[in-house]
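If you're matching them up, the sequences are chains Y and F in order.
Reminder that position 27 of the first sequence reads as 27 in our numbering, one-by-one numbering, no gaps.
Count along the second sequence from 1, add 116, and you get the number used in our numbering.
Take a look at the structure set out below.
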Amino acid sequence: NAGVMQNPRHLVRRRGQEARLRCSPMKGHSHVYWYRQLPEEGLKFMVYLQKENIIDESGMPKERFSAEFPKEGPSILRIQQVVRGDSAAYFCASSRLGGLASVEQYFGPGTRLTVT
Amino acid sequence: QQQVKQSPQSLIVQKGGISIINCAYENTAFDYFPWYQQFPGKGPALLIAIRPDVSEKKEGRFTISFNKSAKQFSLHIMDSQPGDSATYFCAASEGTGMRFGAGTRLTVKP
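Rendered as structure tokens:
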């Protein structure tokens, strides 16, 4: 009965390096959402993906950030040339259904990225 | 701009009391309104959710009240317990990503 899995749980990167965050959705879920949470703030929607497709990336910064959800394997959120402002907790959520229907999303434990 | 506004920012309640957290939204396309509970260092956990065709939903000690005409909804926690101390987020969705409120830090004093 595994929930949403994220790894690593903690990631430290120096400015200019790349960060790769992984998310494995719950069993039977094919919809993945990424959110960013700055300290003492709410979660901000970044991107919504189905297998091999980006459905909504309206919350993604235009530069340095990308996301994928391949046919096989976990979803990946990639941040290139990280800056200190990228330091945050990044959460992944998954749902069984999606598309135009608003449905329950279940969250993983998050990856805490620290940029030094 | 923040699409979902949540208040209060923090709330202190005595054990056994009622905790009330309020949220307001503007986008009438939102059709799903969940509440999440988050403990420090953990991911948000879905607590209870409502759709706009219903004015109230109750699950155990947790109740959502929904006012479609006012575009407001609230979470009531009855008989609040110290274990309820956490940050609570309201959210709204129109089919893709959730739009979250800024959160309410609830402290229940024993």
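All C-beta atoms, glycine included, are put in the ideal place defined by N, C-alpha and C.
None of these values were measured; they are calculated from a predicted model.
Only counting the same chain, and skipping five residues up and downstream in sequence, which positions put a Cβ closer than 6 Å to that of A165(F)? Taken in chain order, the residues that qualify are P150.
Chain F residues whose Cβ lies nearer than 8 Å to that of L49(Y): None at all; the shortest Cβ gap to chain F is about 10 Å.
Closest residue to I79(Y) among A2(Y), V4(Y), L11(Y) and G3(Y) (Cα-Cα distance): Answer by Cα proximity: L11(Y).
Between the Cα of E57(Y) and those of L38(Y), W34(Y) and S75(Y), spot the shortest distance and give me the residue it belongs to. W34(Y)
Count the other CB atoms within 10 Å of the CB of V4(Y); is the residue buried (16 or more) or exposed (fewer)? buried
Contacting positions in the region 80–114 of chain Y - beta carbon closer than 9 Å to chain F: For chain F, the residues of the region 80–114 of chain Y that bring a beta carbon within less than 9 Å of one of its beta carbons are A89, F91, C92, A93, G98, G99, L100, A101, S102, V103, E104, Q105, Y106, F107, G108, P109, G110 and R112, in chain order.
Of the listed residues G217(F), V224(F), P226(F) and S135(F), nearest to E40(Y) (C-alpha basis): G217(F)
Candidates T179(F), G211(F) and R215(F): which alpha carbon is nearest E142(F)'s? R215(F)
What residues of chain Y sit near A218(F), judged by a beta carbon separation below 7 Å? E41 and G42
Rounded straight-line distance, which links the Cα of Q17(Y) to that of C206(F): Their Cα atoms are separated by approximately 34 Å.
Could you list which residues in chain F have their beta carbon closer than 9 Å to that of G59(Y), in chain order? Per Cβ cutoff of 9 Å: G213.
Roughly how many angstroms lie between the CA atoms of S201(F) and I193(F), to the nearest whole one? One C-alpha to the other measures close to 11 Å.
Which residues in the same chain have their Cβ closer than 8 Å to the Cβ of T114(Y), if we skip the five residues on either side of it in sequence? H10, L11, V12, R13 and S87
Contact the region 127–142 of chain F vs the region 56–70 of chain Y: 3+ CB pairs below 8 Å: no
Does A140(F) come within less than 8 Å of chain Y when only Cβ atoms are used? no
Strictly below 7 Å CB to CB, what residues from chain B border F45(Y)? Here the protein chains are Y and F, and chain B is not one of them.
In angstroms with no decimal places, state the Cα-to-Cα distance between G213(F) and A89(Y). 17 Å
Output needed in chain order: residues of the region 160–186 of chain F with a Cβ under 9 Å from some Cβ in chain Y. P160, A161, L162, A165 and R167
Quick check on I55(Y) - is its C-beta less than 8 Å from some C-beta in chain F? Yes, because at least one Cβ of chain F sits closer than 8 Å to the Cβ of I55(Y).
Excluding sequence positions up to five away, which residues of its chain have a Cβ less than 8 Å from the Cβ of Y106(Y)? Correct list, in chain order: G3, V4, M26, H29, A93, S94 and S95.
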